[in-house]
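Asker: Protein chains in written order, with my numbering: chain P, 60 to 237; chain Y, 60 to 237.
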């Protein structure tokens, strides 16, 4: 699966929710997500631009691998996400095979659906408000068109700046290092 | 979880099934199991005596880490086993983070239950008949007693030799290298 994803800093959630509903977007689930990011024993994922994480939400637990970004403008990258039985067991296995839990990102995420867009309003602990728009494509599909559509939708929502390629994890890290 | 497990070569399944039923063991599920074992990029699991595998059965898929054996006589070791959504996704993630699929072990396993013993009659592709008896203990419990009970049960079943500490994967490898 290829995930094409663009994120932007927004002023506040209420105005954007209003704009989204005007365009016909449908409010979907809201959930608390706690992500534990791991460091690899053989690669510096900060430098290789990869990520391995365990995500725990209200209802489910996942393990997710994200490959390096494939282009400059959007966060287009390979993503493999798999439901698992337990965050605790996954952490135990990853630690035993050499991986190190490095950072935790916690957020409340409100999902919206519009056509084949998945829209997320992200209230991340320690960061200002962000919105993400994502389209998932099967491997091998052209992602340029998906990316154009995402930027078009941002435009319709009145957002033309504040785009951010840096992950929430790295944004939090940058704050800590300031 | 600590798994205390002893395996023995047996003559045939029919005689042992008869003996098991005489002792009151109850025939449990039977399943086909396909295990893919992985090699680590930072450790030679043959030498460190660890194992990382994906097991696919008729109904479920698991990922399992097994730590080094803690003693000589039984295969007493740490084991973490977690249900996962898909063998294909797990293989994809493990490959992306540096692990290499190394060997496949296929078997039909007939389970029996007796008190807190889990008994397995294993018809492994490429190997003669084996039986395993296992007790699972919470971490920190003394495994010496569990091990004694397992050898006692083997005795009651008339099995006093043919014990084997080598894994099916290694037994198959040894055959290939002969």
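Positions of the beta carbon are idealized from the N, C-alpha and C atoms, including for glycine.
Since I believe residue 218/Y is in contact with residue 208/Y (beta carbons under 8 Å), could you give me their beta-carbon distance rounded to a whole number of angstroms?
Answerer: In this structure residue 208/Y does not touch residue 218/Y by the C-beta definition: roughly 14 Å separates them, more than the 8 Å allowed.
Asker: Quick test of the definition: if touching needs 3 or more C-beta pairs under 8 Å, does the region 119-132 of chain Y touch the region 176-186 of chain Y?
Answerer: no
Asker: Are the region 184-191 of chain P and the region 67-74 of chain P touching, with three or more C-beta to C-beta distances below 8 Å?
Answerer: yes
Asker: With distances taken Cα to Cα, identify the nearest neighbour of residue 221/Y among 228/Y, 231/Y, 229/Y, 210/Y.
Answerer: 210/Y
Asker: Give the residues of chain Y in contact with residue 100/P, contact being defined as C-beta atoms less than 7 Å apart.
Answerer: 101
Asker: Which of the three DSSP states, helix, strand or coil, is assigned to residue 150/P?
Answerer: helix
Asker: Does the contact criterion of 3 or more C-beta pairs under 8 Å hold for the region 153-160 of chain Y versus the region 98-110 of chain Y?
Answerer: yes
Asker: According to the neighbour-count rule (16 or more other Cβ atoms, all chains shown, within 10 Å of its Cβ), is residue 94/P buried or exposed?
Answerer: buried
Asker: Along the chain, where does the alpha helix (DSSP H) that runs through residue 205/Y open and close?
Answerer: 203-215
Asker: Any contact between the region 196-205 of chain Y and the region 105-112 of chain Y? By contact I mean 3 or more CB pairs, one from each, below 8 Å.
Answerer: no
Asker: Following the continuous alpha helix (DSSP H) through residue 180/P, name the residue where it begins and the one where it ends.
Answerer: Segment 176-183 is the beta strand (DSSP E) holding residue 180/P; no alpha helix (DSSP H) there.
Asker: Give the secondary structure of residue 87/Y by DSSP, where H, G and I count as helix, E and B as strand, and everything else as coil.
Answerer: strand
Asker: So residue 149/P contacts chain Y; which residues on that side make the cut at Cβ distance below 7 Å?
Answerer: By Cβ distance, chain Y contributes 141.
Asker: Less than 9 Å separating the beta-carbons of residue 139/P and residue 152/Y?
Answerer: yes
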